[in-house]
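Protein chains: 2
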Amino acid sequence: MQNIKSYIKENQQRFIDELIALLKVPSISADSAYKADVLETANIIKLSLEKSGCDHVEICETEGYPIVYGEKIIDKNLPTVLVYGHYDVQPPDPLDLWNSPPFDPIIQKTDLHPEGVIFARGACDDKGQMYMHVKAMEYMTSQNELPCNVKFMIEGEEEVGSVNLSKFVKANREKLKNDVILISDTGMIAKDVPSITTGLRGLSYVEVEVTGPNRDLHSGLYGGAVANPINVLSKMIASLHDENNHITIPGFYDKVENLSDAERAEMAKAPFSLDAYKKSLDIDAVYGEEGYSTNERNSIRPTLDVNGIWGGYTGEGAKTVIASKAYAKISMRLVPNQDWEDITQLFKTHFENIAPKGVKVKVNPHHGGQGYVTPIDSDGYKAASKAYEQTFGKTPIPQRSGGSIPIVSLFEQELNSKTILMGFGLDSDAIHSPNEHFGIWNYLKGIETIPWFYKYFTEISR
Amino acid sequence: MQNIKSYIKENQQRFIDELIALLKVPSISADSAYKADVLETANIIKLSLEKSGCDHVEICETEGYPIVYGEKIIDKNLPTVLVYGHYDVQPPDPLDLWNSPPFDPIIQKTDLHPEGVIFARGACDDKGQMYMHVKAMEYMTSQNELPCNVKFMIEGEEEVGSVNLSKFVKANREKLKNDVILISDTGMIAKDVPSITTGLRGLSYVEVEVTGPNRDLHSGLYGGAVANPINVLSKMIASLHDENNHITIPGFYDKVENLSDAERAEMAKAPFSLDAYKKSLDIDAVYGEEGYSTNERNSIRPTLDVNGIWGGYTGEGAKTVIASKAYAKISMRLVPNQDWEDITQLFKTHFENIAPKGVKVKVNPHHGGQGYVTPIDSDGYKAASKAYEQTFGKTPIPQRSGGSIPIVSLFEQELNSKTILMGFGLDSDAIHSPNEHFGIWNYLKGIETIPWFYKYFTEISR
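The listed protein sequences correspond, in order, to chains Y and E. Read left to right, the first sequence gives residues 1 to 462 (full-length UniProt numbering). Read left to right, the second sequence gives residues 1 to 462 (full-length UniProt numbering).
Pasting the structure below:
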C-alpha cells in the first residue's frame, strides 16, 4: 500500500471528474419521474466496477431498482470483504434554497475546506462515499496490491427504505458470503478527529391520515361545530410527547437499553461544543428529552419526529375552508433491542386509540429497520482502527450514530457478519438538505484509508 | 298590497322567463375571460330597474366591475329602503359534476320542490334573490302601492370580495342615505319555517411560520436533539384549545356576549336533526366547545380553526427530514363586539409568547372583518317579521349565521344603518356548488313577501 499517496496525487483530477459525472445524473429513487436517470446511474456504476478490476459485474434486477454486483475472488482461502453502498439520492427539494443546481455539481472553497468541496445532491450521501471504494479498488487491482477477495453490492433504493434488498440478500446468501461488510455512509467527528460508527438507530416510518367531514366545508358555516382534521391531527401529534419530551406511546421504552453511568461518561468525552452546535443551526436553544445530553438524545435514545405535514389550503392568500383530510409523515428512531415492527404496531394501536370521536384515522406503515451495534473488539473494528491510525495518525473514536442503516441488521441476520462503518463525511455536509456537499480532502482521504483496511483485516483475521 | 297574489299569478311566467334570460349570461367576476358577460349583465340590470319604475338608473363605474344604481324618491319625509344585491356569480367548476349546463337554465321538479326549481349558476346566489326585489318593485310602482322611497345598489364583485364597493360607499354617503338596508343573499330554515338572519360572525385570518434550525436536517442525525418545527407547531396549535375546546388565548372571550338562557331557548326551537347533520357529513360525532349545541357552536360562539398546514416532505414515499420551517393558516370566527383587529393582536402576542426556546415564530395577519347583529327589536326586524307572518302565516325565527358578510358591517359603519337579511334560499340550493338551483315557489314567495316589508317598515318607523 506504500504508493497509495502518489497514486492518488497522480489521478486525483480524474477521480474528481468521474464523481462529478456520476453526480450529474438525478437518481432520485423516491420520484418515479426520474426512473430513467436511476437506471442510467446503475449502468454507470456497472461500468465503473468493471474498470476498477471487478469480475462478473452484473445488473441484478429486482421488483424495484436494480442492484449492481461485482466481485474479485483471488483466493478462496483468503478473507472476503463485502462493500455495500447506494447509487440513489434524496429528492433535492426545496430547490429554491440551493445556491447552485443540485445536479449541476460545482467546486468551491469553504472555510472548513480550503481544498474545495463538491456541491451536489448525493455528493456525500452516498455517491461520493460509495465511489471512494470503487477508486480504492482500482488502486489495489491496478497496482497488484489487493490482499483478499472483494464483493461489491451497490443498490438503488436506500433512500426509499431498501424495499427489495432484503429479498435479494435472502436469495443470494452464498453469492454474498463474506467475512466482513464495509460501508461508508456515515460521518466522522471532524477532519482531525477520525471516528468509527459503532451503533445505529433503528427506524419505523409511518404515514397517518385523519378524515373529518366527507368534504371540504365552509369554515364560517361549520367552524367550531365539527372536528377539524388539522386541529385534531395537531393535537394527536402534540400528545405523543409529554412535558419532559418523553414519548407517550405505551410500551415504547420497554426494550430500550439503559447505558451505565460509566458508558455515558465515556460517550461524554467526545469533543462537542454546544455553542458551536447552536450557532451552526442558528438556534437559541437545543430541545429534547429531559435528563439526556444532546449527543445522547441523538444516538442512544429513541425519538419521534414529524417529517412532513399537510392539509387544507396551502396556496397564496386565504381560503376559509375546513379540510376533509389532514396528513403527516412520522418517523421514530429506535435503539438496539427495539424491534421496529413491534414499535410500528404500538404506534398504530396508540394513534388509533387516541383519535377523538368525529374523525377516522388511518396509519400506513412505510418501512423500517432494526438498530445495530458493532463490538469494538471485533476483527473488523480493529482493522478499521489501524487503517485510520495509518492515514490520520490518530486512533479513531468509537461513536454511536443517531441515523439508521436498516440493512446493517439485515446483513447480520441473513449473512451472519458484522458491518464496519467507515464514514468520511462531516456533519456540516448537509446531506438530505439543500447545498449538500463533500470535501475533496475527505473524498481523497477515504480512498487513501480504505486499502489499509483490506491489508489489516487480512492480517488480523488470518 | 292586497292584490299582490293575483298580480304574481298573472305575471309568474314572465317573472320566470326574465330570470332565466338573466341566468343565461355567465357573469363570472373571478375570471376575466367573462368580462364582456359581466358588463352585459350590468346593462340587463340597468334596463330591469328602469322597467320596474326606478328613476335615475345609472351604471356607476369603479376600478373593477360597475355598480348599478337606481332610485324612486316619492317623498323626502317618508323613510328610505336601500336594496343591495349582486349580479356576479361564482365560477361553475367542477363542470363535470353539473347535470345540465350551468348557463343553460332548466326547470325540473324535485321531491322538495314539486312546483319546480331552476337549475343554473346564480339561480339563488344572487341573481334569483336579487331579482325578487326588482319584481317586487315593479308590482309596487305599477299598482301605485309604493309606500316609501327606494334605492337600489347592485354590484358585480361580491364573489371576489367586493373590492371596490367600500370606496363607492364612502364616496356616496349622501346618495346612499337610507333608513334601513334590505338584502336577500342568505337562506331560511325550511320552506315552512321562515327565518331571518340576525347575526353574522366576524373574522380574523392569520398565517404563522415556525422556524427551527436554519436548514432541513437529517432526522437520524438530529432527531430528538433539536426542536422540530412541525412538532412544535402542532403543539402550539393543540394548546390553543383546552380540554373543553375553549380557546386559550388570554382575553379572547372578554367581549363575547353571553346570550341569556331565554335567548338560547329561543334559538333551540329551530328545527335541527343532529342525526341528519352527522349523516350528511359522514361523521360519527360532532365536536366543539363544551356546553354549547351544534347550532350555538357555529353561530353565537367564536371559533379557531386551522385552514391549512404544511411543512417538511409531503411528496410520495418517505423522506427522513427535520424541516427548517412549518406553516399554518389559521382563522378565527368572531362574534359581535369582538373587534377583529384586537383579536388579531391578542392572537399574535399569545402565539409568540407560547413559542418554546429553539424556534422563532412569525405571525402575519391576512385580513378580517367585524361581526354583526341586528337587534330583533329594531324597526327593520319587526317589519320583516310581520311581512313573513303575512305571507307564510308564521312568525319567522331569528337566526345567527356562522358565516361573515363583511359589507354588512361596512354599511353600518359608513351609512349608519342596520341591515335586514331576508333570505328565501334553502341550504339545499347548492350555492357555490355544482347544480345550484332556486325553487320557483321560493322565488315567487320572495316577490310576494318583500312589498309587505315596505308597508310595515313605513308604518312602524313613522
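Even for Gly, the Cβ is constructed at its ideal location relative to N, Cα and C. Every value quoted in this text rests on a predicted model; they were computed, and no experiment measured them.
The closest CA to that of residue 56 of chain E, considering only E:69, E:63 and E:449, is found on E:69. About 5 Å separates the beta carbon of residue 359 of chain Y from that of residue 227 of chain Y, a gap short enough to meet the 8 Å contact definition. Beta-carbon to beta-carbon, residue 74 of chain E and residue 146 of chain E are separated by about 6 Å, close enough to satisfy the 8 Å threshold.
Nearest Cα to residue 222 of chain Y within the set Y:255, Y:62, Y:449 and Y:320: Y:320. Per DSSP, residue 326 of chain Y is one residue of the beta strand (DSSP E) stretching across 325-334.
Against chain Y, the CB of residue 289 of chain E has a partner CB under 8 Å away; the residue lies at that interface. If the five residues before and after residue 25 of chain Y are omitted, its C-beta is found closer than 8 Å to the C-beta atoms of 37, 40, 41, 44 and 103, all from its own chain and listed in chain order. Within its own chain, the residues whose Cβ lies closer than 8 Å to the Cβ of residue 189 of chain Y, once the five positions on either side in sequence are excluded, are 195, 270, 271, 397 and 399, listed in chain order. Note on residue 276 of chain E: under 16 other CB atoms within 10 angstroms of its CB, so exposed under the neighbour-count rule. DSSP places residue 298 of chain Y outside any beta strand (DSSP E), giving it a letter other than H or E. Residue 35 of chain Y counts as exposed, since fewer than 16 other C-beta atoms from the protein chains shown sit within 10 angstroms of its C-beta.
In the three-state scheme derived from DSSP, where H, G and I count as helix and E and B as strand, residue 376 of chain Y is classed as coil. In terms of CA proximity to residue 362 of chain E, E:325 leads the group E:387, E:60 and E:325. Residues of chain Y with a Cβ closer than 9 Å to the Cβ of residue 357 of chain E are, in chain order, 283, 284, 285, 286 and 287. Residue contact check for residue 64 of chain Y against chain E: no CB pair falls below 8 Å.
For residue 170 of chain Y, the enclosing alpha helix (DSSP H) begins and ends at 165-171.
Judged by beta-carbon spacing, residue 336 of chain Y lies beyond the 8 Å limit of residue 368 of chain Y, meaning their Cβ atoms are not closer than that value.
Under the criterion of beta carbons closer than 8 Å, residue 246 of chain Y and residue 289 of chain Y qualify as touching, at roughly 6 Å.
The beta carbon of residue 313 of chain Y falls within 8 Å of a beta carbon belonging to chain E, placing the residue at that interface.
In the DSSP secondary-structure assignment, residue 119 of chain E is bridged to E:106 and E:437.
Fully contained in the UniProt domain "Peptidase M20 dimerisation" (199-358) of chain Y are the following alpha helix (DSSP H) runs of length 4 or more, in chain order: 219-222, 229-238, 261-267, 274-281, 294-297 and 340-353. Judged by DSSP in its simplified three-state form, residue 177 of chain Y adopts coil rather than helix or strand.
The DSSP-derived three-state label of residue 113 of chain Y is coil. Distance from the CA atom of residue 387 of chain Y to the CA atom of residue 462 of chain Y, rounded to whole angstroms, is 17 Å. Look at the stretch 395-428 of chain Y: the residues with a C-beta under 8 Å from a C-beta of chain E are 401, 402, 403, 404 and 427. Using a Cβ distance threshold of 8 Å, residue 182 of chain Y and residue 332 of chain Y do not count as a contacting pair. Unbroken beta strand (DSSP E) runs of no fewer than 3 residues, entirely contained in the stretch 49-110 of chain E, are found at 55-60, 67-72, 80-86 and 106-108, following chain order. For residue 14 of chain E, the enclosing alpha helix (DSSP H) has its first and last residue at 4-23. Rounded to whole angstroms, residue 92 of chain E and residue 13 of chain E show a C-alpha spacing of 26 Å. Assignment of residue 442 of chain E by DSSP, reduced to helix, strand and coil, places it in the helix class. According to DSSP, residue pairing for residue 363 of chain Y in a beta bridge involves Y:208. For residue 150 of chain E, the uninterrupted beta strand (DSSP E) segment begins and ends at 149-155. Taking C-alpha positions only, residue 424 of chain E is separated from residue 250 of chain E by approximately 40 Å.
Non-local beta-carbon contacts of residue 170 of chain E in its own chain, meaning distances under 8 Å to residues more than five positions away in sequence, involve 414 in chain order. With the rule of 3 Cβ pairs closer than 8 Å, the stretch 425-435 of chain Y counts as touching the stretch 96-110 of chain Y. Flagged as an interface residue toward chain E: residue 31 of chain Y, by a C-beta distance shorter than 8 Å.
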